[in-house]
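In terms of my numbering, the sequence shown opens at residue 466 and continues consecutively.
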Amino acid sequence: MAADRTHDHSHDGPDDHGADDTGGARGGGADETAVIPVVPAVPDPGHALAGVAPEPGVAKPDPVLTVDGVTRTFGGLTAVDVAHLEFQRGAITGLIGPNGAGKTTLFNLLTGFDRADTGSWVYDGTPLDKLPPHRVARRGVVRTFQLTKALAGMTVMENMKLGATGQRGERFLGALFTGWGAQERQITEQARELLARFKLDTKSEDLAGSLSGGQRKLLEMARALMMKPKVVMLDEPMAGVNPALTQSLLGHVKSLRDEGMSVVFVEHDMDVIRDISDWVVVMAQGQVIAEGPPSALSSNQAVVDAYLGSHHDQVLEFDAEGNPVGETAEIVAEMEAVEAEGGLEGPLPEAGGAEGKRT
């Protein structure tokens, strides 16, 4: 380590002087100051998660965000019912599931855009369940949306500046009696660096409304980074983005992890999930039904059933009059029993002979 090579050479013998293994020239005094800085390596999240059991609600080695007993209902529909869920620090966690599984609702709850009926969640020891969105963001948890929230009538640069926190000019007295010019220049420089990183620097003076859908996704991600977050939650960042920009977005998501941030993102493209995720959480009907590394999920029966149905590989059998027989009749009987208990949404198939009621 470089820190070990800065010891006092005044007591070294003539054969030792200047002969450290950094390859410096022998005998020169400059060698004593030519210390190679050591940049701490970002821990490999995949290695940290290697011994974690692939099962719902499993404990993580170093969770940055922990969810307990969170439920959210809309009328008779339970949109979210998560008993326990942990997100690993410094990892990219993919959140997948069929449409209506509760993924976006969970995002809304964790970031303060909705209120849970029950439960709590903690970020780095700080409860977030009673905080509004802006205070959640100030704690270090930011999010993007399925539909981008860029302010179309403002320029790209102005959108970026809005993301910076603690601006003195936002308060009336602060704007009048404190010097905010230096801070404004610092914020502008930070915004320029991020726009260059996301290849939007040539668009800085364009109206945000003139950007393409993919460019708006990039702008929203860049603006989120103006807050210097610790956790970034991305809701379908690749949706509606052309393939060229998709690759760019994937690179940016990976770079967030490389910089030590924790990323949680909702995605439907399994190729994307396999490419960048260290860990995947699967939701269905509001519940976490599976967790694990991307490679383990394709063979998980609960995941297959959630996407294709538990009887997706069943051959349906009917008699000459169209009535179900054999195992098909058993399936219909199960569906009728569930419907009678009020647990099935939508009408039953015609063979069931009854109309379901919505709950």
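Backbone N, C-alpha and C define an ideal beta-carbon position, used for all residues, glycine too. Only a predicted model underlies this, so the values are computations on that prediction, with no experimental measurement involved.
Requested in this report: May I ask you to report which of helix, strand or coil DSSP gives A749?
Outcome: The count along the sequence shown starts at 1 and reaches residue 749 at position 284. Reduced to three states, the DSSP call for A749 is strand.
Query - Complete alpha helix (DSSP H) runs within the region 509 to 544 (minimum length 4 residues, chain order) - result: 510 to 513
Requested in this report: Tell me where the alpha helix (DSSP H) around S713 begins and ends.
Outcome: Here residue 713 refers to the residue found at position 248 when the sequence shown is read from its first residue. Element bounds for S713: P708 to D723.
Query raised in the report: Among residues of its own chain, excluding the 5 on either side of K525, which ones have a beta-carbon nearer than 6 Å to its beta-carbon?
Result: Within the sequence shown, the letter at position 60 stands for residue 525. Result list for K525: E551 and Q553, in chain order.
Query raised in the report: Taking the beta strand (DSSP E) that F730 falls in, what are its first and last residues?
Result: The residue you call residue 730 lines up with position 265 of the sequence shown. Its beta strand (DSSP E) spans residues S727 to V731.
Query raised in the report: For G757, which of helix, strand or coil comes out of DSSP?
Result: For this step, residue 757 is matched to residue 292 along the sequence shown. G757 falls in the strand class under three-state DSSP.
Report task. Give me the Cα-Cα distance between G534 and T583, rounded to the nearest whole angstrom. Result -> The sequence position of residue 534 within the sequence shown is 69, counting from 1. The sequence position of residue 583 within the sequence shown is 118, counting from 1. If you take the alpha carbons of G534 and T583, they lie about 7 Å apart.
Query - alpha helix (DSSP H) segment containing V621, residue limits - result: Numbered from 1 along the sequence shown, position 156 holds the residue referred to as residue 621. Where V621 is concerned, the enclosing alpha helix (DSSP H) stretches over V621 to L627.
Requested in this report: Taking L593 and F730 to be in contact with their CB atoms under 8 Å, please state how far apart those CB atoms are, rounded to whole angstroms.
Outcome: Locating residue 593 in the sequence shown gives position 128, counting from the first residue. Locating residue 730 in the sequence shown gives position 265, counting from the first residue. Contact doesn't hold; Cβ gap of about 19 Å is too wide.
Requested in this report: Can you give me the start and stop residues for the beta strand (DSSP E) that T583 sits inside?
Outcome: Against the sequence shown, residue 583 aligns to sequence position 118. Note, T583: beta strand (DSSP E), T583 to Y588.
Query raised in the report: Are the Cβ atoms of D666 and L660 separated by less than 8 Å?
Result: Residue numbering aside, residue 666 sits at position 201 when the sequence shown is read from its first letter. Residue numbering aside, residue 660 sits at position 195 when the sequence shown is read from its first letter. Yes.
Query raised in the report: Going by the CB atoms, is the gap between T653 and K626 shorter than 8 Å?
Result: Numbered from its first residue, the sequence shown carries residue 626 at position 161. Numbered from its first residue, the sequence shown carries residue 653 at position 188. Yes, Cβ-Cβ distance for K626 and T653 is below 8 Å.
Query raised in the report: If you pair each beta-carbon of the region 679 to 694 with each one of the region 704 to 719, do three or more pairs fall below 8 Å?
Result: yes
Query - the ligand GDP heavy atom lying under 7 Å from the CB of M748 - result: For the ligand GDP, the structure offers nothing, since it holds no ligand at all.
Query raised in the report: How is the beta strand (DSSP E) around V790 delimited, first residue to last?
Result: Numbered from 1 along the sequence shown, position 325 holds the residue referred to as residue 790. That residue, V790, is in no beta strand (DSSP E); it is neither H nor E in DSSP.
Query raised in the report: Rounded to whole angstroms, how far is the Cβ of G562 from the Cβ of M748, which I believe are closer than 8 Å?
Result: Position 97 of the sequence shown, counted from the start, is the residue given in the question as residue 562. Position 283 of the sequence shown, counted from the start, is the residue given in the question as residue 748. Indeed, because the Cβ distance is near 4 Å, the residues count as touching under 8 Å.
Query - Beta bridge counterpart(s) of G559 as assigned by DSSP - result: Counting from 1 along the sequence shown, the entry for residue 559 is found at position 94. G559 is bridged to F730 and V745.
**Report entry** S713 to Q680 span [Cα, whole Å]
**Finding:** Walking along the sequence shown from the start, residue 713 turns up at place 248. Walking along the sequence shown from the start, residue 680 turns up at place 215. In a straight line, the C-alpha of S713 is about 10 Å away from that of Q680.
Requested in this report: Give every residue of the same chain whose Cβ lies closer than 7 Å to the Cβ of K682, excluding the five residues on either side of it in the sequence, and list them in chain order.
Outcome: For this step, residue 682 is matched to residue 217 along the sequence shown. Answer for K682: T613, P702, V706 and L714, listed in chain order.
Query raised in the report: DSSP on A548, reduced to helix/strand/coil?
Result: Taking the sequence shown and counting its residues from 1, one reaches residue 548 at position 83. A548 falls in the strand class under three-state DSSP.
Query raised in the report: With 16 other CB atoms within 10 Å as the buried threshold, where does S764 fall?
Result: One-based indexing of the sequence shown puts residue 764 at position 299. Result: exposed.
Requested in this report: Below 8 Å CB to CB, which residues in the same chain sit around G678 once its five sequence neighbours on both sides are set aside?
Outcome: By 1-based counting over the sequence shown, the position of residue 678 is 213. Result list for G678: T613, G705 and V706, in chain order.
Report task. In the DSSP assignment, find the unbroken alpha helix (DSSP H) run with R603 in it and report its ends. Result -> By 1-based counting over the sequence shown, the position of residue 603 is 138. Unbroken alpha helix (DSSP H) run through R603: P598 to R604.
Report task. Could you tell me if V606 is buried or exposed, where buried requires 16 or more neighbouring beta carbons within 10 angstroms of its beta carbon? Result -> Here residue 606 refers to the residue found at position 141 when the sequence shown is read from its first residue. Label assigned to V606: buried.
Query raised in the report: How many Å lie between P789 and L571 at the Cα?
Result: Taking the first residue of the sequence shown as position 1, residue 789 is located at position 324. Taking the first residue of the sequence shown as position 1, residue 571 is located at position 106. Distance between the alpha carbons of P789 and L571: 39 Å.
Query raised in the report: Measuring CB to CB, does V545 end up less than 8 Å from T536?
Result: Numbered from 1 along the sequence shown, position 80 holds the residue referred to as residue 545. Numbered from 1 along the sequence shown, position 71 holds the residue referred to as residue 536. Their beta carbons are under 8 Å apart, which means V545 touches T536 by this criterion.
Query - Neighbourhood of G751 by C-beta distance below 6 Å, restricted to the same chain and skipping five residues each side - result: Position 286 of the sequence shown holds residue 751. So the list reads T543, A544, V545, D546 and G567, once near-sequence residues are dropped.
Report task. Closer than 6 Å by C-beta to D486: which residues in its own chain qualify, once you throw out the five before and the five after it? Chain order, please. Result -> For the purposes of this step, residue 486 is taken as residue 21 along the sequence shown, with counting starting at 1. Reliability fails at D486, whose pLDDT of 44 lies under 50, so the model's placement of it is uncertain and the value that follows must be treated cautiously. Excluding sequence neighbours, D486 sits near nothing in its chain.
Report task. Express the C-alpha separation of L762 and E795 in angstroms, rounding to a whole number. Result -> Along the sequence shown, read from residue 1 onward, the residue named residue 795 stands at position 330. Along the sequence shown, read from residue 1 onward, the residue named residue 762 stands at position 297. If I take the Cα positions, the gap works out to 29 Å.
Query raised in the report: Mapping DSSP to helix, strand and coil, what is F783?
Result: In the sequence shown, the residue the question calls residue 783 occupies position 318. Three-state result, F783: strand.
Report task. State the DSSP-derived secondary structure class of M698, mapped to helix, strand or coil. Result -> As a position in the sequence shown, residue 698 is number 233, starting the count at 1. Of the three classes helix, strand and coil, the one that applies to M698 here is strand, per DSSP.
Requested in this report: Could you tell me whether the Cβ atoms of P528 and E756 are closer together than 8 Å?
Outcome: Reading the sequence shown from its first residue, position 63 is the one you call residue 528. Reading the sequence shown from its first residue, position 291 is the one you call residue 756. Not a contact, by the Cβ cut-off of 8 Å.
Query - Local Cβ density within 10 Å of P708, reported as buried at 16 or more and exposed below that - result: Along the sequence shown, read from residue 1 onward, the residue named residue 708 stands at position 243. Result: exposed.
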